[in-house]
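Report on the structure given below.
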Amino acid sequence: MGHHEHRGHRDRGHEHDGRKHERSSSAQTFRRGRAIAFLERLQTKRSTLLHQLNQPEYDAIKLVISGELKATDAIIQEFIQSFELREAAPESDNNRIGEDEKNDSN
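Counting with our numbering, you get residues 7 to 112 for the letters of the sequence shown.
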């Protein structure tokens, strides 16, 4: 009887291995979802900084905002590359970075 119980336990172990693989996949999906959510927050911050850069009431700190915008852009690009989130990043935002700076210098 003890032998059969042990074998049954081993069989359950094989089932557990399959579930473990499923958990691993769902964990990766969960982590990817969190990474995408963080990227969206960074893009919202970028948008806010860009909006502030174009507001006259922020003229006194325009250089600070511009520096924060450039730093945020660098973080976004590094985050996208590190976590391979290219499809999550709007291409228009990536292409607009240089255009925004050109418009601000005029």
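The C-beta atom is built at its ideal place from N, Cα and C for all residues, glycine as well.
As the structure is a prediction and not an experimental result, all values here were calculated from the model.
Endpoints, the alpha helix (DSSP H) within which residue i is located
i          : result
residue 61 : That residue, residue 61, is in no alpha helix (DSSP H); it is neither H nor E in DSSP.
residue 75 : 68-89
Neighbourhood of residue i by C-beta, 7 Å cutoff - its chain only, sequence neighbours within 5 removed
i           : result
residue 92  : 86
residue 100 : Residue confidence for residue 100 is low, a pLDDT of 46 falling below 50, so the modelled location carries little weight and cannot support an answer.
CB-CB length for residue i against residue j, believed under 8 Å
i          : j          : result
residue 48 : residue 71 : The pair is not a contact, with the Cβ atoms about 16 Å apart (cut-off 8 Å).
residue 52 : residue 78 : 5 Å
residue 41 : residue 89 : 5 Å
Contacts around residue i, its chain only, beta-carbon distance under 6 Å, and the 5 residues preceding and following it disregarded
i          : result
residue 75 : 55
Short CB-CB distance (under 7 Å) between residue i and chain B
i          : result
residue 64 : Judged by its chain identifiers, the structure shown contains no chain B, having just a single protein chain.
Same chain only: Cβ atoms within 8 Å of residue i, ignoring 5 sequence neighbours per side
i          : result
residue 17 : For residue 17, the predicted model reports a pLDDT of 48, less than 50, meaning its position is unreliable; a value from the coordinates is still stated below. None.
residue 73 : none
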